[in-house]
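Residue numbers (the numbering used here), protein chains in the order written: chain H, 305 to 1046; chain C, 2 to 177; chain S, 69 to 529; chain L, 308 to 600.
Note that CB positions come from ideal geometry on N, CA and C, so glycine has one too.
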């Protein structure tokens, strides 16, 4: 044995490799690191691990802000799949494609694996040292922290850190967020995010709210929708009417999709009120006054919806109550978006839905963990500050403004003006590339966190009014890369830089979280006498805990007095209205590097791996465009080139390009796929809230002469069944008897 | 007593026929026309067989046996192997479906027939054969060869008959 | 019109002429051989690439899971039919004009079958597991699925190939003996003396030879018909629109005879030119072959019409849609090309002057072959891209260069085998030409005798 | 393989399925009390693609990328089809009533056209009523796909795991160890999550009870946000799927459903391409659209 180097250590390593191949728990992947391998035999496995049998650990999905409760399926130390937590009032055991792709964010081959200082790998000690250096002598007001939606204990830590820095510059930015809606709801109902009860409504009229696709809490609304569509429900099968210029997934599932002229949603709402009045519904005086001028004929002219259609809709709404009227991003993305939303909210008041299908939601008893919701106005103010040179150190976490800010804001240039930019990132996305220091984050399946969703779904039954919940995100496996850290741990380390004493009892974020949770056992549904360990374990195994929320109240405060809805004006130079489409899987593009999402066809166009511009066949015929033509879409602020897709579900005055494509960085699956429509948006803002108005960009389309074969799932006959009678069959509601279905 | 072989070559069938009939009618010691006379010709010539007299051909029996065995074997093999997939139905069809099985039975019927016929041919025709002691390449060109086997004493007599009928060439060799 | 074979040609001359074709080849031969080898090289390269990377390089997709390979497979199977089938039928019918041409026609059968067999292999996704399709006994009692028309195919091709080879070989034994007697150098001497099996043309050998040849010929006729019927079953037994057609088996058999006859004409002309067989492959024989081809062309056209009409007047909307797609969709040029080459061009065979014109017949036979290849492609491809399920219809699938390369190379492979064969085995059957000449001269003598007798009788009167 | 077996059991070998057997569990050659079946409510289905992604996650489906997708080589066992109304005529689309979505996967036909044609017997009918695919046995003749009316069989045109590297490290760690990754040259298709049904069946057997609905969900069913997919044992009258089939008057063994005169035409259960007599195991419920608006 002396001649060769095959010593006991190597022997163990060999065993370790074999063990990894068969099954390896506890040590995860770290065994592959040289010199760190741990040989775990089946004999010493934790009692709950049976080789080949999956363990399920509850956690919380991080793919969108809905915060669905998930169960991670774990086999031999690897998380394989996210499944829904059946007890969750949010998703009730269900998942969406985006959520299922969370494992691909975790296992993504393009994750950042070490801290990078101007592109060079450094150690964490050095990275934290650099931050301390750079913050030295910088005033609190000169530090800005940019995040997306935040909630839970990470937010609490962030708040503490900002306090320590003496900075009030926490900007919460979401490129796609119902910010105008929140403001309008606050005005109309008294709460910014009431509980919508689609499942209780007999008719849902949605003004561009894609609640089945990408709006607020889609999996939860899908649950409600499933109830809503059941013919065996006491209310009978619900009727969904979707009013929007570009068909969303929800529009595709509507009984009637009304392709309204872009921007005229508010007008149509008032027109419906007017028609309701004519149909004999009692309309409050102020509303009647405001809607008086909106006769069906006038509205029809402005909105491109036939008089007959308006009257039919009014008749239906009058006949079938309760109903529910929703305002979505399609209606709010205008300079007069708040006005649109207010006008639409009036419908709920007129129809008496407030309190029936628009219910009060509860807010969280702990303000420091309550969600901070992102919007686009905050990016604008950060941008202004950066442009003015107000910020020397900028942190960013979970957002990618260099990608998603309109080019007109010149965010990238302004960002460069800050002296030191730190990005906490999983990927080297556009913002991380522009940053000086990139700190690699653990994935959502390796990290600890608590999540309080903004849209607070409640379980059925008594007590739902005051129901709030906090969801737990726990590691589903050992971390893949030893040099990544959770955001909580990083914030704790940064806090320790400032105030070592105060946080010295917490070794890591886990300790902090545990102690914070245990301190509030009672508020979190436990008893004071509960054993700490038992309570903690039970909480984690449940995945979420209910909290006694502060019940809000909805009121019909919607006022019609200051409604000012502009009529549409024709733009000669840029005659078409660009509607950036938010798809359920691509959202704002932060998940673009997950291959399942790229390969899963867009539900409506069935296109994969590229962006496209949807054009109404009539408009296309006028412009001489056929499917697959490469066209230039030009706005005042920019141009993109992409393939044309003729789409019947879009108003002839509108064209639509999906957002989330066109990354120049991020990873192998996202980079260079499609075109970035954010870049070409005009900087037009909602007059009341200051939100960037997404749908206010006028464009023109010109052919480039190139043509491609669009890569899509549908075949050459498109959506035609080619005369086949029994493939996807549709039947009129009065022709079937749904009441006896099981 | 030692035997000798004689090969005479002729230009056409008429001459050959005359020689053969004379040989058959002659009474030469140690020479039996049925066994010791072989006619070699460059082409298939039914008349040669005629004047040589009927000799039964048995290839057909091989054919019959081969074809029947092939067919039977095929059906048994196929049905039997299908029956071993006891609980795996295919396409809702019976586990042993008759019409599709008949197709392969038919193919094997023919395959067996052809193979065994050829085998029978080789056996009946005595092929592959050792070359006979006397052979002339002319036989495969355009001449008829008559090969006889006789005792030493009869050679002269035979030669006489051959020359009488204008043999082009006469070869002689000691038998083995 | 050229002369037929002379009755008074010396038999030795026949040997000399035919054996000359086995001697050192002309330059032209080498050129053809080299081109063929280059073509095979292309195919081998494509196949190695496809084998290593996967069938995807051929641009297959769902639903177009089959492509040119299967179409070309049927083409070669079809081409194989004329050789043996015609040889056997004409043999039974005592049509003596078959004798100078049947040898190469049978060789064509063998080699096109060998080419077709390769396409089955090339087509497979896991070529390295092809032995799974063999009914070998294994300890797991796993057998192939005998219900599958594809397995019938394999079995039928095997039967047909081996029977054809035997038929060809048996028929060549006397000629191989001639070779043995005349070629005394090198490896050939050994080869021929082995292959000739000691044939000496004895009466016993001839007696058994005749019955065997007849029996095998009798077997081959139904076999050949069944082989292409089974290939047709690959399609007719399936459920797909445009394939599920009762008339497919006769249609395929007719198509096979058709393409085989066309190929015989092509090879006839080539051999006649390359080996200077003008004495044996005479124009009257060409004329007879051409007439036969025309008759079969009309049968094929008729069956085509039946198929279209049956589809058109059936209630099978899906099959009708496939037909319309063929005639008007992106396959229209090929479809109408097939109709033109298969049903219009053959009328050129009716022109008496052209029937014996070598250049015209050469061009026409090539066109007919092209038409028959298109026919096979038009059977396979449109059904895939236009099946029952509209969602999966496909208008963009186009075979890649890999597929085309292998198809292209298969013609080289066939040519290569054929050219080599022609240098090893006499491509004109010497002994049967002798028989033909002998019988004709006998007949002539008889005729003369009759005339003489008549004259004598007249004189007597 | 033995002649005596053949002769003794001749009549059993001559049963056809499902028409002769009518799906009864007591037929000896079919020793199963399980028939997996599905029903999909198209009125609930929103076309969101969650089922399809779940299928990728559960069944180790390779992501083929844009170029191969463009060649139609995508490997989605579950695909969502999107149709438009064609009120104005074939090919003239009308979006007023939204789009129609149809999740399409292997229909697990009882008399599957794909099974008879496989030269090596790589695809068979299992005793629990599934159309199995034996990857190891497949030689890639693709005849099954050629004969599939629904075109739901997907072929591995490339060596996705090794040569095409569709799971670059560490993405490969997500692969489900309960089933294989497939190499080039084999056919694959939806298995009704065989790995899950198999476990459920074994568990039930161990516990000596019939399989219940709560024992197993397919990955697509589990994910479906609207619960449009119902899956279970059709032979168990208590299962939801059996109840649905029964209430919709859809019978497994009929190619033309003779629904009740009065009420039957107000039911919305149907099977796709039923008239070709493959006896598919998936029942769809027609999409309903309100005509009052």
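**Message:** Does any residue of chain S have a CB that is nearer than 8 Å to the CB of residue 1026 of chain H?
**Reply:** Yes, its Cβ sits closer than 8 Å to a Cβ of chain S.
**For residue 170 of chain C, the residue or residues it bridges with in DSSP** = For residue 170 of chain C, which the question treats as bridged, DSSP gives the partners C/10.
**Item:** Coil, strand or helix - residue 343 of chain L by DSSP
**Value:** The answer is strand: DSSP assigns residue 343 of chain L an E or B state.
**Prompt:** To which residues of the same chain is residue 563 of chain L closer than 8 Å at the C-beta, ignoring the five residues directly before and after it?
**Reply:** Closer than 8 Å at the Cβ level, and outside the excluded window around residue 563 of chain L, lie 581 and 582.
**Sequence-distant residues of its chain with Cβ nearer than 6 Å to residue 439 of chain S (five each side left out)** = Hits under 6 Å: 406, 409 and 410.
**Asked** Alpha carbon to alpha carbon, what distance is there between residue 907 of chain H and residue 653 of chain H?
**Response** Computed Cα separation, rounded: 34 Å.
**Message:** I need the straight-line Cα distance from residue 126 of chain C to residue 38 of chain C, nearest angstrom please.
**Reply:** One C-alpha to the other measures close to 16 Å.
**Nearest-angstrom Cα separation, counted from residue 75 of chain S out to residue 44 of chain C** = Roughly 15 Å between the two C-alpha positions.
**Item:** Spatial distance of residue 911 of chain H from residue 208 of chain S (CA atoms)
**Value:** If I take the Cα positions, the gap works out to 46 Å.
**Asked** By Cβ distance below 6 Å, which residues in the same chain neighbour residue 589 of chain L in space, the five residues on each side in sequence not counted?
**Response** The beta carbon of residue 589 of chain L is closer than 6 Å to those of 345 and 414 in its chain, skipping five residues each way along the sequence.
**Asked** In chain S, which residues lie less than 8 Å from residue 22 of chain C when you measure between Cβ atoms?
**Response** In chain order: nothing, as chain S lies at least about 14 Å away.
**Message:** Please tell me whether residue 330 of chain H has its Cβ less than 8 Å away from any Cβ of chain L.
**Reply:** Because the pLDDT at residue 330 of chain H is just 39, under 50, the model does not fix this residue reliably, and the value given afterwards should be weighed accordingly. So no, residue 330 of chain H is outside the interface.
**Item:** Paired residues, beta bridge with residue 701 of chain H - DSSP
**Value:** When beta bridges are read from the DSSP output, residue 701 of chain H appears opposite H/451 and H/728.
**Asked** Along chain S, in chain order, which residues have C-beta atoms closer than 8 Å to that of residue 1019 of chain H?
**Response** Those are 458, 459, 460, 461, 462 and 463, listed as they occur along chain S.
**Message:** Please identify, using Cβ separations under 9 Å, the residues of the stretch 399-413 of chain H that lie next to chain L, in order along the chain.
**Reply:** Flagged, chain order: 399, 400, 401, 402, 403, 404, 405, 407, 408, 410, 411, 412 and 413.
**Message:** According to DSSP, is residue 433 of chain L part of a helix, a strand, or is it coil?
**Reply:** DSSP, reduced to helix, strand and coil, places residue 433 of chain L outside both helices and strands of the structure shown, so it counts as coil.
**Asked** Which of the three DSSP states, helix, strand or coil, is assigned to residue 912 of chain H?
**Response** The answer is coil: DSSP assigns residue 912 of chain H none of H, G, I, E or B.
**Prompt:** So the alpha helix (DSSP H) residue 49 of chain C belongs to, where does it begin and stop?
**Reply:** For residue 49 of chain C, the uninterrupted alpha helix (DSSP H) run begins and ends at 47-53, by DSSP.
**Request:** Could you list the residues in the stretch 72-85 of chain C with a C-beta less than 8 Å from some C-beta on chain L, going in chain order?
**Result:** Answer in chain order: 77, 78, 80, 81, 82, 83, 84 and 85.
**Request:** Would you mind sorting residue 560 of chain H into buried or exposed? The rule is 16 or more other CB atoms within 10 Å of its CB.
**Result:** Buried is the call here.
**Item:** Own chain, CB closer than 6 Å to residue 446 of chain L, minus 5 neighbours either side, in chain order
**Value:** Answer for residue 446 of chain L: 427, listed in chain order.
**Message:** Given this structure, state the Cα-to-Cα distance separating residue 830 of chain H from residue 819 of chain H, to the nearest angstrom.
**Reply:** Cα to Cα, the separation comes out at about 14 Å.
**Request:** Using three-state DSSP, classify residue 631 of chain H as helix, strand or coil.
**Result:** Residue state, collapsed to three classes: strand.
**Residues of its chain near residue 307 of chain H, where Cβ-Cβ distance is below 7 Å and the 5 sequence neighbours each way are ignored** = The pLDDT assigned to residue 307 of chain H is 43, lower than 50, so where the model puts this residue is not dependable; a value taken from the coordinates is nonetheless given after this. Result list for residue 307 of chain H: empty, nothing under 7 Å.
**Proximity test, Cβ basis, 8 Å: residue 561 of chain H and chain L** = Output row for residue 561 of chain H: interface = yes.
**Message:** Under 8 Å, Cβ to Cβ, is there at least one residue of chain H near residue 504 of chain L?
**Reply:** No, its Cβ sits nowhere closer than 8 Å to a Cβ of chain H.
**Prompt:** By DSSP, does residue 305 of chain H sit in helix, in strand, or in coil?
**Reply:** With a pLDDT of 39 at residue 305 of chain H, under the threshold of 50, the modelled position of that residue is not reliable, and the figure given next carries that caveat. Residue state, collapsed to three classes: coil.
**Prompt:** Around the C-beta of residue 833 of chain H, are 16 or more other C-beta atoms found within 10 angstroms, so that it is buried, or is it exposed?
**Reply:** Result: exposed.
**Message:** At the level of alpha carbons, what is the spacing between residue 567 of chain L and residue 411 of chain L?
**Reply:** Straight-line Cα distance between these residues: approximately 28 Å.
**Exposed unless 16 or more other CB atoms sit within 10 angstroms - verdict on residue 329 of chain H** = With a pLDDT of 38 at residue 329 of chain H, under the threshold of 50, the modelled position of that residue is not reliable, and no figure is offered here.
**Message:** Suppose the cutoff is 7 Å on Cβ atoms and the five residues either side in sequence are ignored; what does the same chain contact list for residue 797 of chain H look like?
**Reply:** If the five residues before and after residue 797 of chain H are omitted, its C-beta is found closer than 7 Å to the C-beta atoms of 432, all from its own chain and listed in chain order.
**Asked** Looking at the unbroken beta strand (DSSP E) that takes in residue 936 of chain H, where does it start and where does it end?
**Response** Its beta strand (DSSP E) spans residues 933-939.
**Asked** What is the DSSP secondary structure of residue 995 of chain H, counted as helix, strand or coil?
**Response** In this structure, residue 995 of chain H counts as coil in the three-state DSSP scheme.
**Prompt:** Is DSSP giving residue 449 of chain S helix, strand or coil here?
**Reply:** In the three-state DSSP reduction, residue 449 of chain S falls in the helix class (H, G or I).
**Reference residue 980 of chain H; option with closest CA among H/909, H/1021 and H/892** = Relative to residue 980 of chain H, the option among H/909, H/1021 and H/892 whose CA is nearest is H/892.
**Request:** If I'm right that residue 952 of chain H touches residue 921 of chain H with Cβ under 8 Å, what's the distance once you round it to whole angstroms?
**Result:** Confirmed, Cβ separation roughly 6 Å.
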